[in-house]
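**Student:** As they're listed, the protein sequences go chains A and B. The opening residue of the first sequence carries number 301 in the working numbering; numbering runs sequentially from there. The opening residue of the second sequence carries number 301 in the working numbering; numbering runs sequentially from there.
Number of protein chains: 2
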Amino acid sequence: MTAKTPAAKTSRTPKVPVPGKATINDIARLAGVSKKTVSRVINDSPLVKPDTRAKVHALMREYGYAPDPQARGLAFRRSFLIGLVFDNPTAQYIVNIQYGVLDALRDSGYELVVHPCDSKSEGYVDGIRRFVQQQKLHGVILIPRVSEDEALAEALRAIDCRYVRIASVAMDEPGRMLVTHDRSAGAEAANYLESLGHRRIGLITGPKRYRSSIERGEGFVDALAKRGIQVPPERIYEGGYTFESGVAGAEQLLARPDRPTAIFACNDEMAAGVYKAAQRMGISIPGELSVVGYDDSPLASQLWPALSTIRLPVRDVGRQAAGLLLTQDAAPAAVMTAVTPHLVARDSCLPPQAV
Amino acid sequence: MTAKTPAAKTSRTPKVPVPGKATINDIARLAGVSKKTVSRVINDSPLVKPDTRAKVHALMREYGYAPDPQARGLAFRRSFLIGLVFDNPTAQYIVNIQYGVLDALRDSGYELVVHPCDSKSEGYVDGIRRFVQQQKLHGVILIPRVSEDEALAEALRAIDCRYVRIASVAMDEPGRMLVTHDRSAGAEAANYLESLGHRRIGLITGPKRYRSSIERGEGFVDALAKRGIQVPPERIYEGGYTFESGVAGAEQLLARPDRPTAIFACNDEMAAGVYKAAQRMGISIPGELSVVGYDDSPLASQLWPALSTIRLPVRDVGRQAAGLLLTQDAAPAAVMTAVTPHLVARDSCLPPQAV
DNA sequence: CTGAAAGCGCTTACAG
DNA sequence: CTGAAAGCGCTTACAG
Numbered sequence: 301m302t303a304k305t306p307a308a309k310t311s312r313t314p315k316v317p318v319p320g321k322a323t324i325n326d327i328a329r330l331a332g333v334s335k336k337t338v339s340r341v342i343n344d345s346p347l348v349k350p351d352t353r354a355k356v357h358a359l360m361r362e363y364g365y366a367p368d369p370q371a372r373g374l375a376f377r378r379s380f381l382i383g384l385v386f387d388n389p390t391a392q393y394i395v396n397i398q399y400g401v402l403d404a405l406r407d408s409g410y411e412l413v414v415h416p417c418d419s420k421s422e423g424y425v426d427g428i429r430r431f432v433q434q435q436k437l438h439g440v441i442l443i444p445r446v447s448e449d450e451a452l453a454e455a456l457r458a459i460d461c462r463y464v465r466i467a468s469v470a471m472d473e474p475g476r477m478l479v480t481h482d483r484s485a486g487a488e489a490a491n492y493l494e495s496l497g498h499r500r501i502g503l504i505t506g507p508k509r510y511r512s513s514i515e516r517g518e519g520f521v522d523a524l525a526k527r528g529i530q531v532p533p534e535r536i537y538e539g540g541y542t543f544e545s546g547v548a549g550a551e552q553l554l555a556r557p558d559r560p561t562a563i564f565a566c567n568d569e570m571a572a573g574v575y576k577a578a579q580r581m582g583i584s585i586p587g588e589l590s591v592v593g594y595d596d597s598p599l600a601s602q603l604w605p606a607l608s609t610i611r612l613p614v615r616d617v618g619r620q621a622a623g624l625l626l627t628q629d630a631a632p633a634a635v636m637t638a639v640t641p642h643l644v645a646r647d648s649c650l651p652p653q654a655v
Numbered sequence: 301m302t303a304k305t306p307a308a309k310t311s312r313t314p315k316v317p318v319p320g321k322a323t324i325n326d327i328a329r330l331a332g333v334s335k336k337t338v339s340r341v342i343n344d345s346p347l348v349k350p351d352t353r354a355k356v357h358a359l360m361r362e363y364g365y366a367p368d369p370q371a372r373g374l375a376f377r378r379s380f381l382i383g384l385v386f387d388n389p390t391a392q393y394i395v396n397i398q399y400g401v402l403d404a405l406r407d408s409g410y411e412l413v414v415h416p417c418d419s420k421s422e423g424y425v426d427g428i429r430r431f432v433q434q435q436k437l438h439g440v441i442l443i444p445r446v447s448e449d450e451a452l453a454e455a456l457r458a459i460d461c462r463y464v465r466i467a468s469v470a471m472d473e474p475g476r477m478l479v480t481h482d483r484s485a486g487a488e489a490a491n492y493l494e495s496l497g498h499r500r501i502g503l504i505t506g507p508k509r510y511r512s513s514i515e516r517g518e519g520f521v522d523a524l525a526k527r528g529i530q531v532p533p534e535r536i537y538e539g540g541y542t543f544e545s546g547v548a549g550a551e552q553l554l555a556r557p558d559r560p561t562a563i564f565a566c567n568d569e570m571a572a573g574v575y576k577a578a579q580r581m582g583i584s585i586p587g588e589l590s591v592v593g594y595d596d597s598p599l600a601s602q603l604w605p606a607l608s609t610i611r612l613p614v615r616d617v618g619r620q621a622a623g624l625l626l627t628q629d630a631a632p633a634a635v636m637t638a639v640t641p642h643l644v645a646r647d648s649c650l651p652p653q654a655v
């Protein structure tokens, strides 16, 4: 204890913090500055002399120091957690969003907490509010269908909680929206089938309570109308985004005398249902029936023939949504952020047979 | 300020905490006890007079008080977060585990933080260690394949981190394991096919680096052997748990002169590949070929004919794993916890044709 | 059964 | 550009 030489040679003195266990006090002492200065370095304050900053940074690296998120959170009166709130989309969608969000969160000091909910249950908004308040979340990312619920958005604003809504149309200010433009993808599917020569075209939509379903269906019908093709009500079937509803829809549409030569199903699961119905009825795909789906789920490329479908880069959606959330305070987005879905043409469509 | 009557009548005084914003100090003051006593109530200490406890509880409810997890965590020197660490299983598996874990965590005060990783990358164990240490996690749940990595388990033990491993065989002490018994399910598939009368039976396994693949395959082969049926090497194909590898495997197995009358694919994706190959080769299922899969993925019931497969209640797995983690300190599990998979017979199997 | 003091590891507000 | 004091909302260790 008499030596005045720089310690750390005798490695086990209580003065040398264990890697991964150092605190702001250790770094401050080692650097010969106050902890407030270390705090400034942590928070990238410009009010630190470059030399001091460099020295502190070096020490932080040397001891593998990372500030304790809980202590920081307590002082900041908020946590470094982002909530992912979702109702009941497909597993693939949830997981891809998670991967994307985590891409954006990597090395940011933020972590992702998952929070499923049931938007049909009484008081689900209260549940989310409690979650946000208790965890003092930095913000939440809202996936369809909860993202489409204005009451939830309103409740979050009321408690001053940052959020980003992922939805098929802009329904909030730019900083709080990530738009997926389902309508234009519906139109792309329509134009594709029209350009192949199809004129009698059927549509299987999702449930009306999903905005995506409306957008996809309307985009499809409107685009066909622009090219002079009408889709009469009897060629539209409202499905439930499920395989079974796809089967039922196709059976109904294909039983008609003026049977359609092409069907657009608003998701891949229902498109798979169309395959099954067609197989049962002895209608060959793509020879006698062209099919377009939506989602590009793993299923799509496994069907036989491989399904032409709409692909949305969901991981990008997650990444950008998280990016918006993190920059919401610093650089409030001025222009609406969007990720655009596109058609992936595979083997399920052909020009209609000349009958 | 002169009134000595119980306040709260004039509702807006600074003495009355806003709902959802009360602190331990507010509750203590309102109850006329010290915050330490409130703390005892929060932590279910027996050292509180029933009357006092009741009064504090009432106040907590009235003001919607919930202790701040960050403050609590800081004082406890650990957080109330559970980490879910996974490499790359199917989306459906990940999501079901998440639902299950959250079932168990509900109202426990713990939250779930997701942490994907790449077990093939250099230093992935370090990444997980940093995650655990920085967040001061209460514990982590490990899903295959990372759950099978002894080096990771060792590293977690070294930093004194609670964990539960989900795997197909017991590879750790009871309190830290949730076993899924893939071997017995493989045997069940074997016995089913044998009892239908099949004798020439093919097997498409997963990659050898997955313990589940080995267990399923060996369980299948051993069970057949017990009933006097050999599966020669040329009737075993090592797939990659992917659709394409299922196609390739089936094409090879079905091209042989003594073509099998039944195939067991070690997951549903590969079983779907078998369907595709069979369709291409003009072999009808189940008439000329019986198929059994594994996982009971959504795919299974959408295939035509519906796939007979092994079903593991994955959500239960997640729930029980989380349960183990939460009770690890209090009641260290003495006996190995298991969730058992079972065959779901659908339409893809029939006795072999008498040719 | 209950409480006053000190501390967890950070930050805010203030002062210089 | 830097720091000493007080505080975020809890708990531990100690005392009674």
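Each residue gets a CB set at the ideal place from its N, CA and C atoms; glycine is no exception.
Label T627 (chain A) either buried or exposed according to how many other C-beta atoms from any shown protein chain fall within 10 Å of its C-beta, with 16 as the threshold for buried.
**Tutor:** Counting Cβ neighbours within 10 Å, T627 (chain A) comes out exposed, since fewer than 16 surround it.
**Student:** Below 8 Å, how does it come out for the region 433-447 of chain B and the region 588-605 of chain B: are there three or more Cβ pairs, yes or no?
**Tutor:** Contact fails: fewer than three Cβ-Cβ distances are below 8 Å.
**Student:** Is the CB-CB distance between L493 (chain B) and I501 (chain B) below 8 Å?
**Tutor:** In contact: L493 (chain B) and I501 (chain B) (Cβ atoms closer than 8 Å).
**Student:** Classify R372 (chain A) as buried or exposed, calling it buried when 16 or more other Cβ atoms lie within 10 Å of its own Cβ.
**Tutor:** R372 (chain A) comes out buried.
**Student:** Hey, does I443 (chain A) have any beta-carbon neighbour from chain B nearer than 8 Å?
**Tutor:** So no, I443 (chain A) is outside the interface.
**Student:** Could you pull out every unbroken alpha helix (DSSP H) segment of at least 4 residues lying fully inside the region 555-589 of chain B, listed in chain order?
**Tutor:** Qualifying alpha helix (DSSP H) stretches, in chain order: 568-581.
**Student:** Tell me whether D460 (chain B) is buried or exposed, calling it buried when 16 or more other Cβ atoms sit within 10 Å of its Cβ.
**Tutor:** Exposed.
**Student:** Taking the straight line between their C-alpha atoms, what separation do you get for L554 (chain B) and N491 (chain A)?
**Tutor:** Distance between the alpha carbons of L554 (chain B) and N491 (chain A) is about 41 Å.
**Student:** Buried or exposed: where does N325 (chain A) fall if 16 or more other Cβ atoms within 10 Å of its Cβ makes it buried?
**Tutor:** Exposed, by the Cβ-count rule.
**Student:** In whole angstroms, what is the alpha-carbon distance linking A631 (chain B) and H481 (chain B)?
**Tutor:** So the alpha carbons of these two residues sit roughly 24 Å apart.
**Student:** Among the candidates A:G623, A:L650 and A:P369, whose CA atom is the shortest distance from the CA of D403 (chain A)?
**Tutor:** Comparing Cα positions, the closest option is A:G623.
**Student:** Under 6 Å Cβ to Cβ from R556 (chain A), same chain only, skipping five residues before and after it: list those, please.
**Tutor:** Contacts found: none.
**Student:** Can I382 (chain B) and Y399 (chain B) be called in contact, C-beta distance under 8 Å?
**Tutor:** Against a cut-off of 8 Å, the Cβ pair of Y399 (chain B) and I382 (chain B) comes out as no contact.
**Student:** With a Cβ-Cβ cutoff of 8 Å, do T637 (chain A) and P507 (chain A) count as a contact?
**Tutor:** Against a cut-off of 8 Å, the Cβ pair of P507 (chain A) and T637 (chain A) comes out as no contact.
**Student:** 8 Å is my cut-off, CB to CB: does V395 (chain B) come that close to chain A?
**Tutor:** Chain A contact via Cβ: present.
**Student:** With 16 other CB atoms within 10 Å as the buried threshold, where does G497 (chain B) fall?
**Tutor:** Exposed: under 16 other Cβ atoms inside 10 Å.
**Student:** Any chance the region 559-566 of chain B sits against the region 581-598 of chain B, with 3 or more Cβ pairs inside 8 Å?
**Tutor:** Touching, yes.
**Student:** In terms of residue numbering, what span does the alpha helix (DSSP H) encompassing P416 (chain A) cover?
**Tutor:** Premise fails: P416 (chain A) lies in the beta strand (DSSP E), E411 to P416, not in any alpha helix (DSSP H).
**Student:** Which full runs of the alpha helix (DSSP H) of 4+ residues lie inside the region 386-455 of chain A, going along the chain?
**Tutor:** Here the runs fully enclosed are 391-405 and 424-435.
**Student:** Does the beta carbon of S545 (chain A) sit closer than 8 Å to a beta carbon anywhere in chain B?
**Tutor:** Not one chain B Cβ lies under 8 Å of S545 (chain A).
**Student:** Quick check on DSSP: helix, strand or coil for A467 (chain A)?
**Tutor:** Strand, per DSSP.
**Student:** What number of angstroms, rounded off, separates the C-alpha of P532 (chain B) from the C-alpha of C649 (chain B)?
**Tutor:** So the alpha carbons of these two residues sit roughly 21 Å apart.
**Student:** Rounded to a whole number of angstroms, what is the C-alpha to C-alpha distance between A572 (chain B) and G546 (chain B)?
**Tutor:** Cα to Cα, the separation comes out at about 7 Å.
**Student:** I need the DSSP call for L381 (chain A), collapsed to helix, strand or coil.
**Tutor:** The answer is strand: DSSP assigns L381 (chain A) an E or B state.
**Student:** For chain B, check one thing: does any of its Cβ atoms lie closer than 8 Å to the Cβ of A371 (chain A)?
**Tutor:** Yes, contact with chain B.
**Student:** DSSP three-state call for R509 (chain B): helix, strand or coil?
**Tutor:** The answer is coil: DSSP assigns R509 (chain B) none of H, G, I, E or B.
**Student:** Which partner residues of V591 (chain B) appear in the DSSP bridge assignment?
**Tutor:** V591 (chain B) pairs with B:I563.
**Student:** Between the alpha carbons of L599 (chain A) and F386 (chain B), how many angstroms are there, rounded?
**Tutor:** Approximately 23 Å between the Cα atoms of the pair.
**Student:** What separation, rounded to the nearest whole angstrom, lies between the Cα atoms of L612 (chain A) and S597 (chain A)?
**Tutor:** When rounded, the distance between both Cα atoms is 10 Å.
**Student:** Does P416 (chain A) come within less than 8 Å of chain B when only Cβ atoms are used?
**Tutor:** Closer than 8 Å to some Cβ of chain B, the Cβ of P416 (chain A) qualifies, so yes.
**Student:** Please identify the residue among B:N567, B:I529, B:D522 and B:I536 whose C-alpha is closest to the C-alpha of T542 (chain B).
**Tutor:** Here the closest residue by C-alpha is B:N567.
**Student:** Could you tell me which chain B residues have their CB closer than 8 Å to the CB of A572 (chain A), listed as they occur along the chain?
**Tutor:** Under the 8 Å cutoff, chain B gives Q602.
**Student:** Could you check what DSSP says for V521 (chain B) in three-state terms: helix, strand or coil?
**Tutor:** Here V521 (chain B) sits in helix by DSSP.
**Student:** Please report whether the beta-carbon of E534 (chain B) lies at a distance below 8 Å from any beta-carbon of chain A.
**Tutor:** No, E534 (chain B) lies away from the interface with chain A (no Cβ there is under 8 Å from its Cβ).
**Student:** Listing by chain order, which chain B residues have their CB less than 8 Å from the CB of Y594 (chain A)?
**Tutor:** Those within 8 Å of Y594 (chain A) in chain B number zero; the least Cβ separation is about 16 Å.
**Student:** If you draw a straight line from the alpha carbon of A641 (chain A) to that of S484 (chain A), how long is it in whole angstroms?
**Tutor:** In the sequence under discussion, the amino acid at residue 641 (chain A) is Pro, which differs from the Ala named in the question. If I take the Cα positions, the gap works out to 8 Å.
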